[in-house]
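A short write-up of the structure that comes next.
There are 2 protein chains.
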Amino acid sequence: MPKEFVDFSGAPGGHDLLNDVEPASARRLAHAALDSFSSVGYGGTTTRLISERAGLSSGALYSSFKSKEEILFLCTRLSHESALSVLRAAAQEPGSAMNRLRRMMYDFTLWHARNHAIARVSQYEFSGLTPEHHEVIAELRREIESVMRTEIQRGVELGEFDIEDQAGLTLAALSLAIDVCRWYNDGGRLAAERLADSYAGLVTRMLSSAPGQASPHAASPEFEPATSGSSQVLR
Amino acid sequence: MPKEFVDFSGAPGGHDLLNDVEPASARRLAHAALDSFSSVGYGGTTTRLISERAGLSSGALYSSFKSKEEILFLCTRLSHESALSVLRAAAQEPGSAMNRLRRMMYDFTLWHARNHAIARVSQYEFSGLTPEHHEVIAELRREIESVMRTEIQRGVELGEFDIEDQAGLTLAALSLAIDVCRWYNDGGRLAAERLADSYAGLVTRMLSSAPGQASPHAASPEFEPATSGSSQVLR
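Chains as they are written, first to last, in my numbering: chain A, -10 to 224; chain B, -10 to 224.
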């Protein structure tokens, strides 16, 4: 492989999730594709642009991937698998349900800050996938949602959380963490750990009942109660 | 104007924010551009694609706009001005600070659900703007953040809100509402009004102190206190 071309493997924002792609030429192409998707969008990326960025021929690209969509799918799958695995591990946190939710929110937020580039592509270019690939990712997204919803429900059943709008909270917790990838950048003035801590604290507050406060809907009768719709955020 | 081409003016997701663009040919081009940005991304859109979708010639496009970037700027500016105006109006809500924040969160969330298409383009293609146009939008974003931050701060000063992490809360409230444009679609099973109500309720909870709960950081000493960084979400 020519040494004069840029090495993306140490690039920030989650490029390292691609470091295990084999063979090396496919890995190099995946890094170059992610870089291009991030800068000019999936729609603005051509297979030629990818192979040029990787310093490889078009032939090399087509021997590893059928299309740019296959590389998008690879990035999106690895990204979702990694996020799910982090959330699952956090759900094993010992102690109270509140402690578990705090850890889940902290880790899931931190993951989206640290992996903002690959997460952003995965979230925003989702619609570019073929129906078959879309379904693989949709299943991973349903799993992510299920882990969050299950732990919130468990806390309610244990009597630790006082919240009626579990669907809304599941949606909000996931959405808050995911949106980090839209605006977060490594050069920003907010450290990923502090952001994760802030969000973990806010979710803790959402899970606790407030003194002198009735149902969140009580103060404004014109608001109807929220209903289930949480999985929409990950569809 | 040829009648056989699609009329976008009634399209959902915020196309109606473009209905006052003059002359009619520029309006038609703006609608077609928004439609194309939404479906294939800014990077995947060419001026030729825009004029074809609008049923107009390339000449017609260049007589109204210098480039596709100018149309992106128009969409992004109208979108941000509309969102800011809705948030400002909500901040005039009479009654308690809590009532005001509830209304702001409700209306800002509802705006992002109803205008999801133009909002999505405005949020995700922001980086495609020229430095001059970027600065115009950045100023609108700072205004949006300022309105939210000011009202939260006012509620704290009035003793109505019990929260130390005002920067984190400003960030979270804006981010929650904005992220709606990523996943919301008109055909989804969650009505925009119910979503807005759910989020207004959750922000109410974040603003209230919880019983038997010390500082959100107290339970996990390894978390450092969050610091100011709220304006990053809108940069």
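Every residue gets a Cβ at the ideal spot worked out from N, C-alpha and C, and that includes glycine. This one's a predicted model, so the numbers in the text were calculated from it and none came from an experiment.
Beta-carbon neighbours of residue 171 of chain B, restricted to chain A and to distances below 9 Å: Simply 112, 113, 164, 167, 168, 171, 222.
Assigned secondary structure, residue 197 of chain B (DSSP; H/G/I helix, E/B strand, else coil): Of the three classes helix, strand and coil, the one that applies to residue 197 of chain B here is coil, per DSSP.
Close Cβ partners of residue 120 of chain B (< 8 Å) along its chain, the five nearest in sequence each way excluded: Correct list: empty, nothing qualifies.
Residues near residue 49 of chain B in its chain [Cβ-Cβ closer than 6 Å; skip 5 each side]: Taking residue 49 of chain B as the centre and dropping the five residues before and after it, the same chain places the C-beta of 14 closer than 6 Å to its C-beta, in chain order.
Stretch pair the segment 49 to 60 of chain A + the segment 159 to 166 of chain A: three plus CB contacts closer than 8 Å: The segment 49 to 60 of chain A is not in contact with the segment 159 to 166 of chain A.
beta-carbon residue 151 of chain B near the ligand GTP non-hydrogen atom, thresh 7 Å: This structure lacks the ligand GTP; in fact it carries no ligand of any kind.
Within chain B, the residues that residue 187 of chain A reaches when beta carbons sit closer than 8 Å: Going along chain B in sequence order, the residues near residue 187 of chain A (Cβ under 8 Å) are 154, 156, 157, 160, 161, 215.
Same chain, Cβ closer than 7 Å to residue 149 of chain A, five either side skipped, listed in chain order: These residues qualify, in order along the chain: 85, 86, 87.
Option in A:157, A:103, A:89, A:172 with minimal Cα separation from residue 186 of chain B: The shortest C-alpha separation from residue 186 of chain B is found at A:157.
Neighbour flag for residue 76 of chain B against chain A, beta carbons, 8 Å: For residue 76 of chain B, no Cβ of chain A is located within less than 8 Å of the residue's own Cβ.
Residue 190 of chain B at chain A interface by Cβ criterion, 8 Å: Under the 8 Å criterion on CB atoms, residue 190 of chain B is classed as interfacial with respect to chain A.
Outcome for residue 112 of chain B when other beta-carbon atoms lying within 10 angstroms are tallied against a minimum of 16: Residue 112 of chain B should be labelled buried.
Minimum C-alpha distance to residue 174 of chain A - residue among A:154, A:30, A:108, A:10: Closest by C-alpha distance to residue 174 of chain A, out of A:154, A:30, A:108, A:10, is A:108.
Below-8 Å beta-carbon distance, residue 195 of chain A vs any chain B residue: Yes, residue 195 of chain A counts as interfacial toward chain B.
Spatial distance of residue 154 of chain A from residue 195 of chain A (CA atoms): So the two alpha carbons sit approximately 10 Å from each other.
Three-way DSSP call (helix, strand, coil) for residue 206 of chain A in this model: With a pLDDT of 38 at residue 206 of chain A, under the threshold of 50, the modelled position of this residue cannot be trusted, and the question is left open.
Residues near residue 140 of chain B in its chain [Cβ-Cβ closer than 8 Å; skip 5 each side]: The residues are 80, 86, 89, 90, 93.
DSSP state of residue 57 of chain A mapped onto helix, strand, coil: Note: residue 57 of chain A maps to helix in three-state DSSP.
Listed by chain order, chain A residues near residue 30 of chain B by CB distance under 7 Å: Within chain A, the residues near residue 30 of chain B are 30, 31, 32, 33.
Between the CA atoms of residue 130 of chain B and residue 74 of chain B - distance to the nearest angstrom: Residue 74 of chain B and residue 130 of chain B have their alpha carbons spaced roughly 12 Å apart.
Residues of its chain near residue 22 of chain A, where Cβ-Cβ distance is below 6 Å and the 5 sequence neighbours each way are ignored: For residue 22 of chain A, where only same-chain residues beyond five positions count, the Cβ hits under 6 Å are 39, 60.
Exposure of residue 17 of chain B, with buried meaning 16 or more beta-carbon neighbours within 10 Å: Residue 17 of chain B is buried by the Cβ-count criterion.
Closer than 8 Å to chain E by CB, residue 169 of chain A: No chain E appears in the structure shown, which is made up of the protein chains A and B.
Segments of 3+ residues assigned as beta strand (DSSP E) that fall wholly inside the segment 131 to 158 of chain A: For the segment 131 to 158 of chain A, not a single whole beta strand (DSSP E) run of length 3 or above is found.
Residue 45 of chain B (DSSP reduced to helix, strand or coil): Correct three-state label for residue 45 of chain B: coil.
First and last residue of the uninterrupted alpha helix (DSSP H) at residue 80 of chain B: Run containing residue 80 of chain B: none; DSSP gives neither H nor E here.
Inter-stretch contact at 8 Å, needing at least 3 Cβ pairs: the segment -2 to 13 of chain A / the segment 64 to 74 of chain A: Contact between the segment -2 to 13 of chain A and the segment 64 to 74 of chain A is present: three or more C-beta pairs spanning the two stretches fall below 8 Å.
Residue 102 of chain A vs residue 7 of chain A beta-carbon contact at 8 Å: Not a contact, by the Cβ cut-off of 8 Å.
Backbone CA spacing between residue 34 of chain B and residue 147 of chain B [nearest angstrom]: Whole-angstrom Cα-Cα distance: 50 Å.
Exposed unless 16 or more other CB atoms sit within 10 angstroms - verdict on residue 114 of chain B: So residue 114 of chain B ends up on the buried side.
Whether residue 169 of chain B touches residue 105 of chain B by CB criterion (8 Å): Yes, these two residues count as a Cβ contact at 8 Å.
Residue 19 of chain A, buried or exposed, once every other Cβ within 10 Å from all chains shown has been counted against 16: The residue is buried, with at least 16 neighbouring Cβ atoms inside 10 Å.
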